[in-house]
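Taken in sequence, the protein lines are chains C and Y.
Start counting at 1 in the first sequence, then tack on 14, and there's your number in this note's numbering.
Start counting at 1 in the second sequence, then tack on 1, and there's your number in this note's numbering.
Ideal Cβ placement from N, Cα and C applies to all residues, glycine included.
Predicted model, so just to flag it, every value in this text is computed and none were measured.
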Amino acid sequence: MSARNRELTALVPVALLLTAGFAAVFAQENSRLDNISLVYGGYFLAICLATHIYLRLRLPNADPYLFPLVALLTAFGLVMVYRIDADLARDQANLFVLGLVFFALTIHFLRDYSILERYRYTIAAAGLLLLLAPRLPGIGQQVNGAYLGVKIGPIAFQPAELSKICIVIFLAGYLRDHREVLIVGARRVLGVTLPPLKHLGPLLVVWGASMLMLVFIRDLGSSLMFFAAFLALLYVATGRLSFVVIGMALFLLGAWFFSSTVPHVHERVDIWLDPYSDPARSGYQILQSIFAQADGGLFGKGFGQALITIPGTTTPLLPAAKTDTIYSLIVNELGLFGACAVIMIYLLIAARGFKIALIADDGFSKLLATGLTAVFAIQAFVIIGGVTRVIPLTGVTLPFISYGGSSVVANLVLLALLLLISDRARREASSGSQLSGAALEGT
Amino acid sequence: MNAQIVKLFGLIALLFLVLVGFTSYWAVFDAEALKDKTVNRRPLLEQQQIRRGRILAADGTVIARSVSKGGGNALRYVRRYPEGSLYGHPIGYSFVRYGDSEFEKFHNDELVGDSSEFSSILDELRGHRQEGDDVVTSIDPEAQRVALSDLEAAGFGAVVAMEPATGRVRVLASNPPFDPNRVPEHFSELNVDPNSPLFDRATQGQYPPGSTFKVVTAAAGLDSGAITPDTTIDAPGTISAQGRPLQNDFNQSFGPIALDAALTFSVNTWFAQLGVKVGIDTMFEYMDRFGFGSVPPIDLPASQVYKSGIFEGKTLVGRGDPVDIARVAFGQERLAVTPLQMAEVAATVANGGRLMRPQIWRRVVDRDGRVTKRMDPSLYSQVVDEQTAAELTTAMEGVVSAGTGTNAAIPGITVAGKTGTAETPFNDTCGGGSDQNQAWFIGFAPADEPKIAIAATVECTTAFGNDVAAPIFRDVAETILNEPES
């Protein structure tokens with residue numbers, strides 16, 4: 015079966031799942047089934063089909079499983095958001111369509127994505143600017159003590175989502191250039207392999223940037239996500255575990271320093287260590303998140319069964335249920351099994367992403383695919399880890415599931431880039447094998 | 002670079018595994034503990050949307066029920082206690098804001114209709130709404146009322162009555178009582194009340210047992226073979242133990258007497274010598290069998306049922322620690338016991354030496370009136386043999402017919418029992434008076450075919466066990482014995 019036919023086949027269960035999910039929520043809310051859930055399902059299927067046809071035309075060789083997996087997550091997210099608030103689900107569906115427009119634009123204009131490598135410093139600068147934008151007077155917005163949002167006129171977005179792609183593009187380009195010198199020039203000092211000093215500079219800049227993020231946008235989650243993606247790329251590019259260890263030590267040192275000086279970050283770490291010290295205020299969100307999970311058990315309470323607000327009031331029982339803590343809501347309603355399914359989908363996406371990196375044959379493509387996949391997977395880890403108290407809870411979205419436009423748009427652009435790399439890599443791989451096949455026939 | 006990419010994927014898979022691990026921990030392994038956290042209001046809020054089952058007395062009197070408030074998504078149920086303070090103990094309360102306590106807490110699963118996860122999935126598929134089951138108790142409303150009003154006349158204290166053969170708890174009263182209906186609006190007031198009405202004296206009050214503990218010493222002496230009912234011990238007015246004089250009331254000297262006389266007249270010097278004769282190890286062995294040192298196996302939350310035993314501060318004294326066994330033997334030293342524990346002692350003797358688990362609940366009934374669970378009487382401990390129990394019963398009959406406990410006598414019925422009057426001078430909780438006592442009566446009736454075993458105690462009283470506690474025993478026992486069999 016061709017790649018695109020496999021994609022089409024994989025989309026069918028997604029549409030069925032979405033329809034079933036909507037139907038379940040609808041039946042729960044109104045005690046009766048209605049064809050409106052079928053309408054939602056049909057609408058979603060139509061959007062997916064249109065995207066599929068576009069991919070068939072533009073990227074016939076691209077990985078067939080990535081888009082259905084992303085559609086699956088989106089379907090999951092739409093059902094959960096629909097269950098919280100039907101109007102929000104409509105918004106989210108529209109944002110998905112908007113994201114697909116950006117997805118198509120990315121594929122259209124970046125068919126030759128090596129152009130990104132050429133403009134890597136410009137892109138890096140744009141990325142940093144985006145990161146710091148929330149601190150700019152007039153447009154910046156503070157959310158829960160962190161500076162994550164930007165509002166220009168009626169449009170509000172979270173620039174960190176887009177900037178993560180910029181940073182990954184820069185790192186892929188930079189490391190492709192410098193990986194040789196980083197490996198060859200390394201010196202052993204006191205039994206530790208250190209990168210050559212003159213090439214250390216740009217890497218320290220990245221470290222500095224992530225520390226700046228702690229201070230300026232006060233978000234441990236984004237900072238962690240960026241820096242982890244950086245270390246992942248550094249490791250893949252150089253193969254030196256010692257660089258990663260040094261980087262990690264630097265990060266922990268900086269995080270420790272800033273967490274004891276920047277109040278917001280400090281508080282987040284304290285709550286993580288001891289949420290019971292202030293259960294009614296600062297510890298409320300993480301505790302309620304865990305209590306919601308405790309209530310889910312193995313199989314969950316079923317769609318639409320979780321309490322999100324205290325009955326009869328609008329006081330939240332699970333704060334930020336549609337964004338930060340949506341994973342806890344999933345555990346509550348679908349249980350440990352439902353949650354494992356979600357984690358499994360993220361793992362499958364990571365597997366497909368790294369597969370693209372494996373078969374890509376130029377350094378930039380390899381590093382770009384690795385970086386994009388890593389930053390995506392780490393984002394999922396940071397927020398799920400946050401609500402399960404593996405790490406301090408921070409306001410990062412759960413990709414494709416959380417409500418929020420910036421996240422959907424940015425992650426669909428990320429997906430478009432992965433598909434672009436995949437299309438080229440698989441085309442070259444298959445034409446390569448056809449060539450060798452022809453050569454064999456010739457002998 | 003491919004090797005590194007594969008390793009990186011491995012690391013990410015590992016990180017995701019950690020997420021699965023933590024989720025499993027919260028959602029499954031630690032879930033019960035999390036649901037029990039006081040700051041976790043989720044289970045209560047959810048339960049508020051389920052109609053909680055009723056709690057009924059043995060005769061069907063409604064002790065607790067839920068009434069609906071609001072509608073649609075704001076529908077919730079609120080607990081009502083039609084009998085007010087009569088059953089405040091041991092039933093407790095259940096309110097979202099203040100959590101639940103006592104019987105309401107212990108039987109929460111039945112009252113909200115919680116079942117296993119598999120069957121709740123089946124219910125979900127069939128579209129059943131979760132409903133709570135009713136729990137019927139063994140509590141006798143008339144006897145509970147008599148116990149509480151007698152206590153209110155006598156002073157703060159508690160009464161526990163249980164059926165010796167089955168362990169069914171018929172009365173569990175604590176004075177001062179509290180009205181659970183007042184909890185939502187007056188909780189802090191109840192909580193800081195110096196008389197501690199929220200404190201269940203029947204299961205949490207740790208009092209010096211006084212002479213009622215002689216029943217335990219006698220049981221150990223007879224059952225271990227240290228004495229027979231005919232063994233005589235010389236009982237002068239004063240003996241010396243641990244270098245300090247130890248006296249009978251009014252320094253009265255009895256000469257050589259056997260168990261019957263010693264128990265009838267509650268002779269301290271006799272029991273002190275018996276205690277020494279039995280020895281520390283054997284005494285501890287029999288105390289353990291009676292349930293001292295353990296949380297009584299009643300259907301109330303373990304946090305609201307206290308242990309009985311010898312305490313140094315708040316910690317139980319163990320076998321290896323130095324103990325003045327002569328004074329333990331007649332209920333002094335650092336002994337502190339709950340009324341529930343002493344009711345268990347009486348019930349054990351009444352039931353031929355077999356201690357049954359005390360249980361308040363009788364059966365669980367679902368919405369359709371089907372009995373889904375029934376309390377099966379079960380043996381907690383074989384304390385002494387039947388012969389020992391019979392010999393003890395004879396001695397305890399003497400206490401009521403001719404000794405220190407005559408006020409417990411019921412016309413036409415043989416009563417077996419033991420009084421106790423522990424001196425608690427300068428006790429802060431009693432206001433520091435110099436002649437304050439802890440008055441006790443434990444016993445059972447009818448002596449030849451026991452139907453009910455009772456412990457009654459009054460704290461901070463200037464009266465003796467026979468004056469204030471024995472009449473409460475008599476009234477409660479009479480009430481229960483006069484009722485038709487249930």
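Helix, strand or coil at residue i according to DSSP, with G and I counted as helix
i               : result
R171 of chain Y : strand
T23 of chain C  : helix
K278 of chain Y : helix
D201 of chain Y : coil
N269 of chain Y : helix
P277 of chain C : helix
E286 of chain Y : helix
T252 of chain C : helix
P246 of chain Y : strand
R190 of chain C : helix
T457 of chain C : Because T457 of chain C carries a pLDDT of 40, less than 50, the predicted location of this residue cannot be relied on, and the following value inherits that uncertainty. Looking at T457 of chain C - three-state DSSP - the assignment turns out to be coil, as it is neither helix nor strand.
D377 of chain Y : coil
N438 of chain Y : strand
R81 of chain Y  : strand
Any C-beta of chain C under 8 Å from that of residue i
i               : result
T425 of chain Y : no
K452 of chain Y : no
L45 of chain Y  : no
V40 of chain Y  : yes
R77 of chain Y  : yes
Q253 of chain Y : no
Q48 of chain Y  : no
Bridge-paired residues (DSSP) for residue i
i               : result
E313 of chain Y : Y:T316
N257 of chain Y : Going by the sequence as given, residue 257 of chain Y is Pro instead of Asn. According to DSSP, P257 of chain Y bridges with Y:D235.
P330 of chain C : C:T323
D135 of chain Y : Y:V366
Any chain Y beta carbon closer than 8 Å to residue i
i               : result
V279 of chain C : no
I397 of chain C : no
A452 of chain C : Here A452 of chain C scores only 47 on pLDDT, less than 50, and its place in the model should not be relied on; the value that follows carries that caveat. No, no contact with chain Y.
A443 of chain C : no
P148 of chain C : no
G311 of chain C : yes
Y249 of chain C : yes
I324 of chain C : yes
K165 of chain C : no
Per-residue contacts from residue i into chain Y (C-beta, under 8 Å)
i               : result
L372 of chain C : N3, I6, V7
Interface partners of residue i on chain Y, CB under 7 Å
i               : result
Q307 of chain C : T24, W27, A28
V345 of chain C : T24, A28
V259 of chain C : Residues of chain Y passing the Cβ test: none, with the nearest at roughly 13 Å.
V219 of chain C : Neighbours of V219 of chain C on chain Y: none; closest Cβ ~23 Å, over 7 Å.
P293 of chain C : V40
L301 of chain C : V40
Within chain Y, partners of residue i - CB distance below 9 Å
i               : result
F368 of chain C : I6, V7, L9, F10, I13
Y290 of chain C : K38, V40
Y79 of chain C  : What Y79 of chain C touches in chain Y: nothing, since even the nearest Cβ is about 15 Å away.
Closer than 7 Å at the beta carbon, the chain C residues around residue i
i              : result
L35 of chain Y : I304, F305, A308
Per-residue contacts from residue i into chain C (C-beta, under 8 Å)
i               : result
V113 of chain Y : Neighbours of V113 of chain Y on chain C: none; closest Cβ ~13 Å, over 8 Å.
A262 of chain Y : Per Cβ cutoff of 8 Å: no residues; A262 of chain Y is ~60 Å from chain C at best.
V19 of chain Y  : G399, V404
D31 of chain Y  : A308
beta-carbon residue i near the ligand ATP non-hydrogen atom, thresh 7 Å
i               : result
L260 of chain Y : This structure simply doesn't include the ligand ATP, nor any ligand for that matter.
| request: Check each residue of the stretch 82-112 of chain C: if its Cβ is closer than 8 Å to any Cβ of chain Y, include it; give the result in chain order. | output: none
| Short-range partners of chain Y found in the stretch 408-438 of chain C, where Cβ spacing is below 7 Å | none
| field | chain Y contacts from the stretch 382-395 of chain C (Cβ-Cβ distance under 7 Å) | value | T384, A388, A391, F395
| Just by C-beta distance, which residues in the stretch 180-191 of chain C are closer than 8 Å to chain Y? | none
| query | Residues in the stretch 348-360 of chain C with C-beta within 8 Å of chain Y's C-beta atoms, listed in sequence order? | reply | G349, L350, A353, C354, I357, Y360
| request: Return the residues of the stretch 436-463 of chain Y that lie within a Cβ-Cβ distance of less than 8 Å from chain C, sorted by chain order. | output: none
| Looking at chain C, which residues of the stretch 380-396 of chain Y have a Cβ within less than 7 Å of any of its Cβ atoms? | none
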